[in-house]
């Protein structure tokens, strides 16, 4: 079984044991991803990267992943496929010769 | 090779071809995750879940995953391990008998 | 008329001319604030503060304020009162002698 | 003195008493706005608007305003002016005859 399938199965087991699927509509899962991403961001607030506490970053990032996997599952998205597809389409928006070494957005390239 | 390793390798190849590692410090990656999560959220703004456009949700969620995998890689986190560990610690915060069927936060249980 | 009342009146006029009140429930206004805050954040992504474009920061911050005033209006909150009240309660969480010169969160002081 | 000036003065007094200006660069203030917006959003997570606790919404919205006013002050923005200017430019993106009664984004009108 793939890693992603194993993680997703565990998340769904956790959710179902608590009868939480009733709350997990896609819109609220998108809210949850945002809320967890901001808790992750808070680990870096008023700080340089190197002063963030790794243990806390780890936990908050895990929460982001958890809701992201649950949302992917809701839509039956294949996470590997959607990320690889996005890399491909980003490759067109950011061709190497134009994008190399610059952090500009594609519409400013 | 695991799915997650394969996705991460592709993301790093994409980043390195563009010489973007210089911009990808953990703090800015956390910003990027937040920005992408909000673009995902925008797909649900003023709408019910079922009115969101699945193609757009797919792309925005892929971006969230992309930066999340890149941040995990920065810290050498094993994504499977950190999510499974978090599920375990959440199990203590949300014991089944108290959490079943309620969306309350653990400190209100 | 106070500045805040004048801004709010203009925002409501703009909203009502477009018949948008039907979309502006508190939950979606909270989503909108998040989305605009992230567009603001994007002006700082991969950059130092001083490299952000002031014109863009101005516009994105204006959008954050716009939805924040609209949400305050939904609940009939007096913005001046709620901010001054919050300053007072924050003063108790962050007493000067403990909080001076440190960016720690109140639960770590 | 205008309401906004009064609020801002109080926020700056609070900040200066704690010697916090050193942490308040524009980028981190933008992070703070995002973090507070997400705490606001959390009041609506897994809920309908009407089930959010008004007292909590009030406090979290106050925090959003606080950092938004502090960021405006950093750049010496006149909050009233920037919001009224944005309303004007939004009026061009969303002309009444096209935007009336629809929640579509301007690029889909």
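Chains as they are written, first to last, in our numbering: chain A, 15 to 123; chain B, 15 to 123; chain C, 15 to 123; chain D, 15 to 123.
C-beta: ideal position from N, C-alpha, C; glycine also.
What is the rounded straight-line gap between the Cα of residue 18(B) and the Cα of residue 93(A)?
-> Within the second chain, residue 18(B) is the residue found at index 4, counting from 1. Within the first chain, residue 93(A) is the residue found at index 79, counting from 1. So the two alpha carbons sit approximately 9 Å from each other.
Three-state secondary structure (DSSP) of residue 66(B) | One-based indexing of the second chain puts residue 66(B) at position 52. In the three-state reduction of the DSSP assignment, residue 66(B) falls in the coil class.
Three-state secondary structure (DSSP) of residue 29(A) | Walking along the first chain from the start, residue 29(A) turns up at place 15. Three-state DSSP puts residue 29(A) in a helix.
Give the residues of chain C in contact with residue 117(A), contact being defined as C-beta atoms less than 9 Å apart.
-> Translated into the one-based positions of the first chain, residue 117(A) becomes position 103. Those within 9 Å of residue 117(A) in chain C are 59, 60 and 61.
Scan the region 34-52 of chain D for residues whose Cβ lies nearer than 8 Å to a Cβ of chain B and list them as they occur along the chain.
-> Per Cβ criterion, the list reads 45 and 48.
Give the secondary structure of residue 57(D) by DSSP, where H, G and I count as helix, E and B as strand, and everything else as coil.
-> The residue labelled residue 57(D) in the question sits at position 43 within the fourth chain. Three-state result, residue 57(D): coil.
Give the straight-line distance between the Cα atoms of residue 125(D) and residue 110(C), rounded to the nearest whole angstrom.
-> With chain D covering only 15 through 123, there is no way to say anything about residue 125(D).
Taking 8 Å as the CB-CB limit, is residue 64(B) close to chain C?
-> Here residue 64(B) corresponds to residue number 50 of the second chain, with the count starting at 1. At a cut-off of 8 Å, the C-beta of residue 64(B) has no neighbouring C-beta in chain C.
Just mark residue 122(D) as buried or exposed, buried being the case when its beta carbon has 16 or more other beta carbons within 10 Å.
-> Along the fourth chain, read from residue 1 onward, the residue named residue 122(D) stands at position 108. Here residue 122(D) is exposed, its C-beta having fewer than 16 other C-beta atoms within 10 Å.
Start and end of the alpha helix (DSSP H) containing residue 90(D)?
-> What you label residue 90(D) is simply residue 76 of the fourth chain in a count that begins at 1. That residue, residue 90(D), is in no alpha helix (DSSP H); it is neither H nor E in DSSP.
What residue range is occupied by the uninterrupted alpha helix (DSSP H) comprising residue 113(A)?
-> Taking the first residue of the first chain as position 1, residue 113(A) is located at position 99. In the DSSP assignment, residue 113(A) falls within the alpha helix (DSSP H) that extends over 110-113.
Name, please, each residue of chain B whose Cβ falls closer than 7 Å to the Cβ of residue 56(C).
-> Locating residue 56(C) in the third chain gives position 42, where the first residue counts as 1. Within 7 Å Cβ-Cβ: 49.
Beta carbon of residue 47(D) nearer than 8 Å to that of residue 54(C) | For the purposes of this step, residue 47(D) is identified with residue 33 of the fourth chain, where counting begins at 1. For the purposes of this step, residue 54(C) is identified with residue 40 of the third chain, where counting begins at 1. Taking a C-beta distance under 8 Å as the contact criterion, residue 47(D) and residue 54(C) qualify as a contact pair.
Under 8 Å between C-beta atoms, does residue 24(C) make it to chain D?
-> Stepping through the third chain from its first residue, residue 24(C) is reached at position 10. Residue 24(C) belongs to the set of residues whose beta carbon lies under 8 Å from a beta carbon in chain D.
Residue 78(B) to residue 52(A), Cα distance in whole Å?
-> The residue labelled residue 78(B) in the question sits at position 64 within the second chain. The residue labelled residue 52(A) in the question sits at position 38 within the first chain. Going from the Cα of residue 78(B) to the Cα of residue 52(A) covers about 13 Å.
Can you round the beta-carbon distance between residue 43(C) and residue 98(C) to whole angstroms, since I take them to be within the 8 Å contact cut?
-> Position 29 of the third chain, counting from 1, holds the residue named residue 43(C). Position 84 of the third chain, counting from 1, holds the residue named residue 98(C). So it is not a contact: roughly 22 Å between Cβ atoms.
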